[in-house]
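Colleague:
Protein chains: 2
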Amino acid sequence: MSSRQPAKPRARRNTSEVRPYHHGDLRRVLIDAALQLAAEGAEISVREAARRAAVSPGAPFRHFPNRAALMAAVAGEAQRRFRAEIEVALDQAPAADPFGRFRAFGLAYLRWAMRNPAHFEIISTGRYFAHGSSAELTRDNAELIALTEGILTEAAKQGLLRSADLKRIQIAGRALVYGFARMNLDGHFPRWGVEAGEIERMAEGVIDLFIAGIAKP
Amino acid sequence: MSSRQPAKPRARRNTSEVRPYHHGDLRRVLIDAALQLAAEGAEISVREAARRAAVSPGAPFRHFPNRAALMAAVAGEAQRRFRAEIEVALDQAPAADPFGRFRAFGLAYLRWAMRNPAHFEIISTGRYFAHGSSAELTRDNAELIALTEGILTEAAKQGLLRSADLKRIQIAGRALVYGFARMNLDGHFPRWGVEAGEIERMAEGVIDLFIAGIAKP
DNA sequence: ACGGAATGTAATCGATGATTACATAGAAGA
DNA sequence: TCTTCTATGTAATCATCGATTACATTCCGT
Numbered sequence: 001m002s003s004r005q006p007a008k009p010r011a012r013r014n015t016s017e018v019r020p021y022h023h024g025d026l027r028r029v030l031i032d033a034a035l036q037l038a039a040e041g042a043e044i045s046v047r048e049a050a051r052r053a054a055v056s057p058g059a060p061f062r063h064f065p066n067r068a069a070l071m072a073a074v075a076g077e078a079q080r081r082f083r084a085e086i087e088v089a090l091d092q093a094p095a096a097d098p099f100g101r102f103r104a105f106g107l108a109y110l111r112w113a114m115r116n117p118a119h120f121e122i123i124s125t126g127r128y129f130a131h132g133s134s135a136e137l138t139r140d141n142a143e144l145i146a147l148t149e150g151i152l153t154e155a156a157k158q159g160l161l162r163s164a165d166l167k168r169i170q171i172a173g174r175a176l177v178y179g180f181a182r183m184n185l186d187g188h189f190p191r192w193g194v195e196a197g198e199i200e201r202m203a204e205g206v207i208d209l210f211i212a213g214i215a216k217p
Numbered sequence: 218m219s220s221r222q223p224a225k226p227r228a229r230r231n232t233s234e235v236r237p238y239h240h241g242d243l244r245r246v247l248i249d250a251a252l253q254l255a256a257e258g259a260e261i262s263v264r265e266a267a268r269r270a271a272v273s274p275g276a277p278f279r280h281f282p283n284r285a286a287l288m289a290a291v292a293g294e295a296q297r298r299f300r301a302e303i304e305v306a307l308d309q310a311p312a313a314d315p316f317g318r319f320r321a322f323g324l325a326y327l328r329w330a331m332r333n334p335a336h337f338e339i340i341s342t343g344r345y346f347a348h349g350s351s352a353e354l355t356r357d358n359a360e361l362i363a364l365t366e367g368i369l370t371e372a373a374k375q376g377l378l379r380s381a382d383l384k385r386i387q388i389a390g391r392a393l394v395y396g397f398a399r400m401n402l403d404g405h406f407p408r409w410g411v412e413a414g415e416i417e418r419m420a421e422g423v424i425d426l427f428i429a430g431i432a433k434p
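Here the protein sequences line up with chains A and B, keeping their order.
Residue numbers for the first sequence follow the working numbering, so the first one is 1 and each next one is one higher.
Residue numbers for the second sequence follow the working numbering, so the first one is 218 and each next one is one higher.
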């Protein structure tokens, strides 16, 4: 959450604390408000975002043609944060150890998804904005996928894999990780979800199980 | 507000084709209408369901306290169909072959999910009705989970598994299958989705990969 | 047959996404 | 500096939706 800068009282009238007619960067503020809305578990509504930006209900439509476009922008921002965190984790895993990298990737992925469930859902579903409406999002996602492809290719090159069908392994890996994230999101971990650490530990175990499954014995 | 066309002369009594004041089984008809709405890719709205049932907008609320309750009922019905199909598939797999049963289960699961994406989403998300509001759904789901537990337990008893951590295997298996279904649902299979058979074949491959991964070498 | 309980209708409310006409400010060019 | 163009915000308005309330109609048990 970066601090924004209205910072321009633009003292027109004698009443102090007058918000200038033109908002500093309304687009940005609306996206942040929407992200916060989601994080609070509330529905994202254009009006509520406008309300939080202290702006009229019609103002957002100067920056987004419709609600879906706002959602796409929100998804883009969330995805940026998501990807940044994953890349940090990957930077700390040696490139020569594909399984270690896969593990780091999966763990970072799942940790972020479990700590930012609402944002993860917005990213991953495409239900809120017309599908493929955000080129940035699509590209970003493709790069993430390419990352995992690279990891698997390296593993194959080192002869660590039991099967040669990389595509199948990759889809399975994505399905496993994505599925775990969504199970958490969709409430498939009923009770023991109270202790979040328990789920994160389970995530770790599931990832390790997968790696053991694809590794050459 | 009055610009809305009434459009319905409200056929008088003397005409044939008179719907009686009391609908036969409105509750049922509303659920079916909602299911069809979902299958058409449209949002489920109480009003639209009422419209399709040729009934006033307030009528549904005699049968469901709110929209979420309708959605829960819809989910219950969809889950019933889902489960029925899975049990048929399981009945054709010999009980003594746990892997075969797992495979049959996964395939039936994924085929239904891919052929009824909207219904599957309603079942699996709990976003549309307050979570756990449908006892039937929860129970049904628990039974499905118990089924997979039984399969794994049998596999362990026969000494087919490489790891003894059944819970971990089970979570991983669920995550894998659920994740694959949701990837399809959430548009993660971009283009080659045109040929649906391709995805089903991939689902098969992923399941087999998983089985090979947990099987004792 | 009667009267209460179910069930449907009509009217209405508040919230939402969206559009339109208008107001204001910031900046570019004379 | 002054003028004007354009980006951006406001106000008013619509249609749709979920939900509630008062009333109407039918069903069913006594």
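For each residue, glycine too, the CB sits at the ideal point set by N, CA and C.
Taking 7 Å as the CB-CB cut-off, is residue 71/A touching chain B?
Modeller: Not closer than 7 Å to any Cβ of chain B, the Cβ of residue 71/A fails to qualify, so no.
Colleague: Between which two residues does the alpha helix (DSSP H) harbouring residue 384/B extend?
Modeller: Note, residue 384/B: alpha helix (DSSP H), 383-402.
Colleague: Going by C-alpha distance, which of 283/B, 282/B, 262/B, 326/B is nearest residue 300/B?
Modeller: Selected option, being the one with the closest Cα: 326/B.
Colleague: According to DSSP, is residue 215/A part of a helix, a strand, or is it coil?
Modeller: Residue state, collapsed to three classes: strand.
Colleague: Once DSSP output is grouped into helix, strand and coil, what is the label at residue 161/A?
Modeller: Note: residue 161/A maps to strand in three-state DSSP.
Colleague: Decide if residue 73/A is buried, meaning its Cβ has at least 16 other Cβ atoms within 10 Å, or exposed.
Modeller: Classification of residue 73/A: buried, given that the 10 Å Cβ count is 16 or more.
Colleague: Does any C-beta atom of chain B lie closer than 7 Å to the C-beta of residue 166/A?
Modeller: Residue 166/A does not count as touching chain B.
Colleague: Just how far apart, CA to CA, sit residue 303/B and residue 335/B?
Modeller: Rounded to whole angstroms, residue 303/B to residue 335/B spans 18 Å at the Cα level.
Colleague: Please confirm if residue 178/A has its CB atom under 7 Å from at least one CB of chain B.
Modeller: So, interface residue.
Colleague: Distance, Cα to Cα, residue 418/B vs residue 58/A?
Modeller: Their Cα atoms are separated by approximately 48 Å.
Colleague: Can you say whether residue 375/B is buried or exposed, counting buried as having 16 or more other CB atoms within 10 angstroms of its CB?
Modeller: With fewer than 16 Cβ atoms within 10 Å of its Cβ, residue 375/B is classed as exposed.
Colleague: To the nearest angstrom, how far is it from the Cα of residue 25/A to the Cα of residue 53/A?
Modeller: Taking the straight line from one Cα to the other gives about 10 Å.
Colleague: Can you name the residues of chain B whose CB is closer than 8 Å to the CB of residue 182/A?
Modeller: Within 8 Å Cβ-Cβ: 395, 396, 399.
Colleague: In angstroms with no decimal places, state the Cα-to-Cα distance between residue 55/A and residue 63/A.
Modeller: Roughly 13 Å separates the two Cα atoms.
Colleague: With DSSP collapsed to three states, give me the class of residue 272/B.
Modeller: Residue state, collapsed to three classes: coil.
Colleague: Is DSSP giving residue 128/A helix, strand or coil here?
Modeller: Coil.
Colleague: In three-state terms, what does DSSP make of residue 242/B?
Modeller: It is coil, neither helix nor strand.
Colleague: Quick one: does residue 372/B have its CB under 7 Å from some CB of chain A?
Modeller: False, the Cβ-Cβ gap to chain A never drops below 7 Å.
Colleague: Taking 8 Å as the threshold, find out whether the region 381-397 of chain B comes into contact with the region 162-181 of chain A through three or more Cβ pairs.
Modeller: Touching, per the Cβ criterion.
Colleague: Indicate whether the contact test is met: 3 or more Cβ pairs, each with one atom in the region 197-215 of chain A and one in the region 93-106 of chain A, closer than 8 Å.
Modeller: Touching, per the Cβ criterion.
Colleague: In chain order, what residues of the same chain have a beta carbon less than 8 Å from the beta carbon of residue 203/A, not counting five sequence neighbours either side?
Modeller: Closer than 8 Å at the Cβ level, and outside the excluded window around residue 203/A, lie 106, 107, 110, 111, 114, 180.
Colleague: Short of 8 Å Cβ to Cβ, which residues in the region 333-345 of chain B face chain A?
Modeller: The residues in question are 341, 342, 343, 344.
Colleague: I believe residue 147/A touches residue 216/A by the beta-carbon criterion, under 8 Å. Please report the beta-carbon distance rounded to the nearest angstrom.
Modeller: The pair is not a contact, with the Cβ atoms about 22 Å apart (cut-off 8 Å).
Colleague: Do you know how far the Cα of residue 156/A is from the Cα of residue 44/A?
Modeller: If you take the alpha carbons of residue 44/A and residue 156/A, they lie about 44 Å apart.
Colleague: I need the DSSP call for residue 41/A, collapsed to helix, strand or coil.
Modeller: Three-state DSSP puts residue 41/A in coil, outside helix and strand.
Colleague: Which chain B residues sit within Cβ distance under 7 Å of residue 217/A?
Modeller: Near residue 217/A (Cβ distances below 7 Å), the residues of chain B are 434.
Colleague: Can you tell me whether residue 231/B is buried or exposed, with buried defined as 16 or more other CB within 10 angstroms of its CB?
Modeller: Because residue 231/B sits at a pLDDT of 35, beneath the cut-off of 50, its placement in the model cannot be relied upon, and the following sentence gives the value as read from the coordinates. Classification for residue 231/B: exposed.
Colleague: Can you check whether the CB of residue 371/B is closer than 7 Å to the CB of residue 315/B?
Modeller: Contact: yes.
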